[in-house]
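Step one of this worksheet: look at the structure below.
Protein chains in written order, with the numbering used here: chain A, 1 to 214; chain B, 215 to 579.
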């Protein structure tokens, strides 16, 4: 179906009106909510616009789930999928996954602690999945010298990792997104794992100690 | 004692080095590729089912053993010996061997395991390697191996024998595998890795839920319309940016890795949900993360058991942080969802417990 051409004067007037309205909106304070605490089941949606600029604001008109006709005016034509990489995206998507984690869950640990925890979390995951380096944590992997690698080292890859507080300052969690190929040859990415740590003190020095998972 | 039944990962490039994987290796999607009983060679599936029937003869107290448990183990250990020939009596040829466990570091092989069978099962007296579709170490097979096909030989290279041996090993002295803690312990015994356990559990869920079709009886009218609409699109290809309230459409260019939907008429995950819900007049936002803001949110902490047919189901990099939601499907009941999983796949049913990162649901109806 074709549409009727519009009047140039009407278009000019519309442009002026939209410019003024846009300027006014830009002067308004951002209405984004603060980042959600770690324990919150609902995350901040502030990052949504960064990762999927075309996404319309989610409507609450359906809260309670009754009248569907009152739903938001979503576009009737396709909009690009969220920029978040789906399964199978490969290494090209890893940076986006990392940014997504960092935006959704803002840093709350001293930078040095986060670096240390992230490094250790990656190594622990690698040790658990592939067997490599288990001897470093005999308390976590009691059978450290007698392990059968569950995942091949060749295609093991940590796609993204962050370290954050885990409820209180003496606890931390390393959240990892990773990919690997199991012994049967099946490769899967976007696997989600967490390693939890507690802060302990030895001879006055603080150190992060990983907690067994099972 | 060696902790696990099975042995080392492939050498270097796992696919080339691990005989078992020569023809069975999967593409880039893994569990996201899906899986059902139809994907298992019939003779192998028969072996799993036979082992379930017979394990009670050896471990009467064992409960909860099901073929999906054995299928999941065989999937992650050898991809069901796909690519090998399985004879009528269950013999698998060529035989399947893991890498030699000599601690050389090849393929993650970091543990030297002394020979236990003088090459009887693993073909070498210089060390130990895992064998057969369930990748038993010969030393473990010595303890749990049983004759499953009635030829009076317990052979780990035989599908029936290996499946029965695996069932016995998992049952231990009488586990109740219907209890999640005992099932996890049984799998962990097979390989002392939490990620191994998670991997196997994912496949158990996938095989379990794929065994039955969705039951749409007694569903409220609108819920049934939504699910019917989504199910009617089964087989339609995934298209990056494709699909909308009106149906399948050509998608967009491109994802970070260059995956384009411009030449594929189909759906991406949120395109499919948009289409299905539009059938009852609900216009959803276009992206998966935005769709999590519609209706009544069901937090991930409630688990998948809180889902009802028609609910949207979400997956995230960080469950609980909705801006990291990257996937959405529609729950159809019975632990399954209808979804457009990823580029290269089609609209299909999957277990909601298989994909990593379950991030709860949303109830719109």
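All C-beta atoms, glycine included, are put in the ideal place defined by N, C-alpha and C.
{"query": "Quick one: is residue 461/B near chain A, going by C-beta distance under 7 Å?", "result": "no"}
{"query": "Can you confirm whether residue 422/B, when its beta carbon is compared against all beta carbons of chain A, has any partner nearer than 7 Å?", "result": "no"}
{"query": "For chain B, find out if any of its Cβ atoms is closer than 7 Å to the Cβ of residue 173/A; answer yes or no.", "result": "no"}
{"query": "Considering only residues of the segment 280 to 321 of chain B, which uninterrupted alpha helix (DSSP H) runs meet the minimum length of 4 residues and lie entirely inside it, listed in chain order?", "result": "281 to 292"}
{"query": "With the cut-off set at 7 Å, would you say residue 173/B and residue 552/B are in Cβ contact?", "result": "Nothing about residue 173/B can be reported from this structure: the residues present for chain B run from 215 to 579 only."}
{"query": "Could you say which of 471/B, 433/B, 422/B and 498/B lies nearest to residue 457/B if we only look at CA atoms?", "result": "498/B"}
{"query": "Please give the ranges of any alpha helix (DSSP H) in the segment 341 to 367 of chain B, keeping only runs that are unbroken, at least 4 residues long and fully inside the region.", "result": "352 to 358"}
{"query": "With residue 430/B and residue 441/B assumed to form a contact (beta carbons below 8 Å), what rounded beta-carbon distance in angstroms separates them?", "result": "6 Å"}
{"query": "Helix, strand or coil: which one does DSSP assign to residue 336/B?", "result": "coil"}
{"query": "Taking the C-alpha atoms as reference points, what is the distance between residue 447/B and residue 489/B?", "result": "10 Å"}
{"query": "When the distance is taken between beta carbons, is residue 279/B closer than 7 Å to residue 290/B?", "result": "no"}
{"query": "Could you name the residues of the same chain whose beta carbon sits closer than 7 Å to that of residue 69/A, not counting the 5 residues immediately before and after it, in chain order?", "result": "Confidence at residue 69/A is low in this model, with a pLDDT of 32, below 50, so the placement of that residue is unreliable and no value is reported for it."}
{"query": "Please name the residue, chosen from 364/B, 301/B and 282/B, that lies closest to residue 414/B on a Cα-to-Cα basis.", "result": "282/B"}
{"query": "Taking only the alpha-carbon atoms, compute the straight-line gap between residue 118/A and residue 174/A and give it to the nearest angstrom.", "result": "6 Å"}
{"query": "If we ignore side chains and look at the alpha-carbon of each, how far apart do residue 162/A and residue 432/B end up?", "result": "45 Å"}
{"query": "Could one say the Cβ of residue 230/B lies closer than 7 Å to chain A's Cβ atoms, at least one of them?", "result": "Since pLDDT at residue 230/B reaches only 26, below the 50 mark, its modelled position is unreliable, and no value is offered."}
{"query": "Taking residue 418/B as the reference, which of 262/B, 578/B, 579/B and 575/B has the closest Cα?", "result": "262/B"}
{"query": "Within the continuous alpha helix (DSSP H) that includes residue 213/A, where are the two ends?", "result": "Neither: residue 213/A is in no alpha helix (DSSP H) and is coded neither H nor E."}
{"query": "Taking only beta-carbon atoms, is residue 128/A less than 7 Å away from chain B?", "result": "yes"}
{"query": "Counting Cβ pairs closer than 8 Å, one from the segment 563 to 571 of chain B and one from the segment 462 to 477 of chain B, do we hit at least three?", "result": "no"}
{"query": "In chain order, what residues of the same chain have a beta carbon less than 6 Å from the beta carbon of residue 329/B, not counting five sequence neighbours either side?", "result": "339, 341 and 342"}
{"query": "Can you tell which of 486/B, 483/B and 463/B has the C-alpha that lies nearest to the C-alpha of residue 476/B?", "result": "463/B"}
{"query": "What residue from 542/B, 388/B and 366/B has the CA that sits closest to residue 503/B's CA?", "result": "542/B"}
{"query": "Measuring only the C-alpha atoms, how far is residue 34/A from residue 535/B?", "result": "Any reading at residue 34/A must be qualified, since the residue scores a pLDDT of 33, below 50, and its modelled position is unreliable; no value is offered."}
{"query": "Would residue 131/A pass as an interface residue toward chain B - the criterion being a Cβ-Cβ separation below 7 Å?", "result": "yes"}
{"query": "Could you tell me whether the Cβ of residue 167/A comes closer than 7 Å to any Cβ of chain B?", "result": "no"}
{"query": "Ends of the beta strand (DSSP E) at residue 565/B?", "result": "562 to 565"}
{"query": "Shortest alpha-carbon distance to residue 274/B belongs to which of 366/B, 386/B and 481/B?", "result": "386/B"}
{"query": "What would DSSP say about residue 500/B, mapped onto helix, strand or coil?", "result": "coil"}
{"query": "May I ask you to list the residues that DSSP assigns as paired with residue 169/B?", "result": "Outside the modelled stretch of chain B, which goes from 215 to 579, sits residue 169/B, for which no answer is possible."}
{"query": "Going along chain B in order, which residues have a C-beta closer than 9 Å to the C-beta of residue 199/A?", "result": "Neighbours of residue 199/A on chain B: none; closest Cβ ~22 Å, over 9 Å."}
{"query": "Express the C-alpha separation of residue 284/B and residue 381/B in angstroms, rounding to a whole number.", "result": "7 Å"}
{"query": "In three-state terms, what does DSSP make of residue 181/A?", "result": "strand"}
{"query": "Look up residue 545/B in the DSSP assignment and give the residues it is bridged to.", "result": "551/B"}
{"query": "By DSSP, does residue 159/A sit in helix, in strand, or in coil?", "result": "strand"}
{"query": "Compare the C-alpha of residue 508/B against each of 517/B, 325/B, 484/B and 516/B and name the closest.", "result": "484/B"}
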